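Visitor: Numbering (our numbering), first residue to last: 101 to 383.
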């Protein structure tokens, strides 16, 4: 349901955003135009599209109901095109990680969706090349992230490296330091290291690892949606995002990208392993 709603929003945003004569595909990065007067940040738009595309790919697996599959392929096409139009490399990497999980577990049933995704990506690049908007995509480089990461890592050492600055500490960079104001470290894992130290980062990785293991188990039992969504979120937040396990962060999508699939995967995994549960269901 959320993936279908997301596809409708993305389609509306594509028509509204690029319907303006002042915006060109490949030059101006897609924004979710359903919120705010100038649209939602392109990175956050890409995150939403990536998560929706991974879910869409899982639902678009080949099966007996061809009409249902065709509908999901349309949803998938819109969401994949939205990821590409956002030009957000983190969501693109996350989407590839999630799709890799679906491909690994579903194999042959994923082939139609995989070919469809390739066709949509090819169409995007053809349109961008035709309209001459490819230069901006290449020129973005690392978008300043290397300088941001270096700035933070140079300022943490000693006990701070172990325990961090504290989760109430300021984690932005003043404009005079790099030439532009940086709201947050642009990596959930770097944010955890800066604020919670190596200890906090280790705990985060342990929780995510446990969640991913449970999600993997669900995939082996025939439902790989959760490991695909979790993989998408975990990889996306390598190069973006803020604190994962908090309701207050700059991007505000960490719960959707990571906590939501992780909690559902762990819950389903614990239910599968709960003693006496299956006996009650069978009786």
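By construction, the Cβ of each residue, glycine as well, lies at the ideal position given by its N, Cα and C atoms. Small disclaimer: the values here were computed from a predicted structure and weren't measured.
1) Sort out for me which residues DSSP pairs residue 282 with in a bridge.
2) Tell me the DSSP secondary structure of residue 125 in three-state form.
3) Counting Cβ pairs closer than 8 Å, one from the region 301-314 and one from the region 272-284, do we hit at least three?
4) Under a three-way DSSP split, which group does residue 168 fall into?
5) Quick one: is residue 283 buried, meaning 16 or more other Cβ sit within 10 Å of its Cβ, or exposed?
6) Pair every Cβ in the region 310-325 with every Cβ in the region 245-259, then say whether three or more of these pairs are closer than 8 Å.
7) Is the region 157-170 in contact with the region 207-226, if contact means three or more CB pairs nearer than 8 Å?
8) Once the 5 residues before and after residue 311 are set aside, which same chain residues still bring their CB inside 7 Å of it?
9) Could you have a look at residue 108 and say whether DSSP puts it in helix, strand or coil?
10) How would you call residue 280, buried or exposed, if buried means at least 16 neighbouring beta carbons within 10 angstroms?
11) Would you kindly work out how many angstroms separate the C-alpha atoms of residue 253 and residue 297, rounded to a whole number?
12) Measuring alpha carbon to alpha carbon, tell me which of 189, 277, 261 and 105 ends up nearest residue 338.
13) Using only the alpha-carbon positions, how far apart do residue 324 and residue 276 sit?
14) With a threshold of 6 Å on Cβ separation, who are the neighbours of residue 129 within its own chain once the five nearest residues in sequence on each side are excluded?
15) What residue range does the alpha helix (DSSP H) around residue 192 cover?
16) Looking at residue 335 and residue 156, is the spacing between their C-beta atoms short of 8 Å?
17) For the putative contact between residue 114 and residue 182, defined by C-beta atoms under 8 Å, what is the C-beta separation to the nearest angstrom?
18) Could you give the residue range of the alpha helix (DSSP H) that holds residue 262?
19) Closest to residue 342 by C-alpha separation, out of 294, 133, 260 and 146, would be which residue?
20) Have a look at residue 125 and residue 116 and give me their C-alpha separation to the nearest angstrom.
21) Within this structure, are the beta carbons of residue 220 and residue 180 separated by less than 8 Å?
22) If you scan the region 278-343 from start to end, which runs of the beta strand (DSSP E) of 3 or more residues do you find wholly inside it?
23) Would you mind working out which of 345, 165, 108 and 121 sits nearest residue 132, comparing C-alpha positions?
24) Would you grab the beta carbon distance between residue 106 and residue 149 for me? Rounded to a whole angstrom, and I think it's under 8 Å.
Guide: Reading off the structure:
1) Residue pairing by DSSP places residue 282 opposite 273 in a beta bridge.
2) The answer is strand: DSSP assigns residue 125 an E or B state.
3) With contact defined as three or more Cβ pairs closer than 8 Å, the region 301-314 and the region 272-284 are not in contact.
4) Looking at residue 168 - three-state DSSP - the assignment turns out to be helix.
5) It is exposed - the Cβ of residue 283 has fewer than 16 other Cβ atoms within 10 Å.
6) Verdict: no, contact absent.
7) Yes, the region 157-170 is in contact with the region 207-226.
8) Excluding sequence neighbours, residue 311 sits near 330, 362, 365 and 366.
9) The three-state secondary structure of residue 108, taken from DSSP, is helix.
10) With fewer than 16 other Cβ atoms within 10 Å, it is exposed.
11) Approximately 11 Å, taken between the alpha carbons.
12) Taking only the C-alpha atoms, the option nearest residue 338 is 189.
13) When rounded, the distance between both Cα atoms is 47 Å.
14) Cβ neighbours of residue 129 within its own chain (closer than 6 Å, five residues either side excluded): 142, 186 and 187.
15) From DSSP, the alpha helix (DSSP H) with residue 192 extends over 189-206.
16) Their beta carbons are not under 8 Å apart, which means residue 156 does not touch residue 335 by this criterion.
17) Confirmed, about 7 Å.
18) 259-263 is the span of the alpha helix (DSSP H), which, as asked, contains residue 262.
19) Check the Cα spacing between residue 342 and each of 294, 133, 260 and 146: the tightest is with 294.
20) Those two C-alpha atoms are separated by around 12 Å.
21) In contact: residue 220 and residue 180 (Cβ atoms closer than 8 Å).
22) Runs found: none.
23) In this structure, 108 is the residue among 345, 165, 108 and 121 with its C-alpha nearest to the C-alpha of residue 132.
24) With a contact defined as Cβ atoms closer than 8 Å, residue 106 and residue 149 qualify at about 7 Å.
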